[in-house]
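The block underneath contains the structure these notes are about, expressed in structure tokens.
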């Protein structure tokens, strides 16, 4: 269809649904507020856990206990 420079006027049909009471707006506003509170609490919990993890002194290198290694190899050889 080729468009013309001036669009033809379409007949003005009435809107199908109009919420004149504002009930839908209030419900969506309350729902949005609850979602925002939940998101804020979630971010606070994640942030708190990150801060506590950095205070715990976690290391990036694994350490192996020699006593656990000897007892494990001894029990493995005893069961064979």
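Numbering (the numbering used here), first residue to last: 302 to 381.
Note that CB positions come from ideal geometry on N, CA and C, so glycine has one too.
The structure displayed is predicted, hence computed values, not measured ones.
Collapsed DSSP secondary structure at residue i in the structure displayed
i	result
residue 334	helix
residue 323	coil
residue 366	coil
residue 339	helix
residue 352	helix
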